[in-house]
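Going by UniProt numbering, the first residue of the sequence shown is number 1, and it counts up by one from there.
First comes the structure, then the notes that go with it.
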Amino acid sequence: MKILIIEDETSLLQTIEEFLKSENFLIESAQDYNAALEKAMTYDYDCILLDIMLPGGNGLDILKTLKEAHKKQPVLILSAKDSVEDKVLGLEIGADDYLAKPFHLAELLARIKSIIRRNAQDGEQLVKYKNVSLDPDSRQVTVNEKIIPLNRKEFDLFYYFILRPNKLLEKTSLVESVWGDHTDQADNLDFIYSQIKNIRKKLKEAEADMDIQAVYGVGYKLV
């Protein structure tokens, strides 16, 4: 799962980043308005942590731009401005939740997981498709209640697929969702093939009623 942290306070940014990485999230960050807006508009994230006061602009303007562009990016506002007006305005614009500084990292994690579940899974704890279930919290995938052993990257990649069954997914989207935004600088995207090959093998061995099909020259889809 990929998260964008928009926060100008370096020490807080590093603390959040290290904590969320330890919880197996893929992290990107931005510390000023322009860099944050560019990343938020260019890439897709499972959740954006958004500070209001930023060098060069206001975080709420980033939120407005995302909503006007119909970018369905779940947003959790993080701000020291704990006024009712700021909270209400952020939620009215389209933020999913609001967390005032200072906060406990455990509460931040709980809010992020709740937002991701509400937006990607319609509030359901488990993601289910055919005879396969995926639990985001325990990071387990089961077929007919038997656990499939997936490593971190395989799990993240399969999670991306199972949220979008029967949808053709381009290689670039798959790679960005699991490996980060800097993969657009790679010479090629062939390295994703081995990950998908391993997932397909494990699904087949577990007798899953699904497969990941390659669409030549474009990408893959879960069917």
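Cβ atoms here follow ideal geometry from the backbone N, Cα and C, with glycine treated the same way.
Spatial distance of residue i from residue j (CA atoms)
i	j	result
residue 78	residue 146	39 Å
residue 10	residue 101	15 Å
residue 140	residue 154	11 Å
residue 32	residue 144	47 Å
residue 13	residue 171	30 Å
residue 91	residue 97	7 Å
residue 48	residue 158	21 Å
residue 168	residue 43	18 Å
residue 185	residue 50	In this prediction, residue 185 scores a pLDDT of 49, lower than 50, which makes its location untrustworthy; the coordinate-derived value is nonetheless stated afterwards. Roughly 26 Å separates the two Cα atoms.
residue 68	residue 52	18 Å
residue 219	residue 192	10 Å
residue 222	residue 108	32 Å
residue 26	residue 174	13 Å
Pair within 8 Å by beta-carbon distance, residue i and residue j
i	j	result
residue 30	residue 4	yes
residue 73	residue 40	yes
residue 2	residue 18	no
residue 99	residue 111	yes
residue 65	residue 37	yes
residue 163	residue 115	no
residue 93	residue 60	yes
Assumed close pair residue i, residue j - CB separation to whole angstroms, cut-off 8 Å
i	j	result
residue 86	residue 55	Contact doesn't hold; Cβ gap of about 18 Å is too wide.
residue 152	residue 24	6 Å
For residue i: DSSP bridge partner residues
i	result
residue 170	219
residue 107	Beta-bridge pairing links residue 107 to no other residue.
Practice task
Check whether the segment 201 to 214 touches the segment 124 to 134, taking contact to mean three or more Cβ pairs, one atom from each stretch, closer than 8 Å.
Solution key: Segment contact: the segment 201 to 214 against the segment 124 to 134, three or more CB-CB distances shorter than 8 Å; contact assigned.
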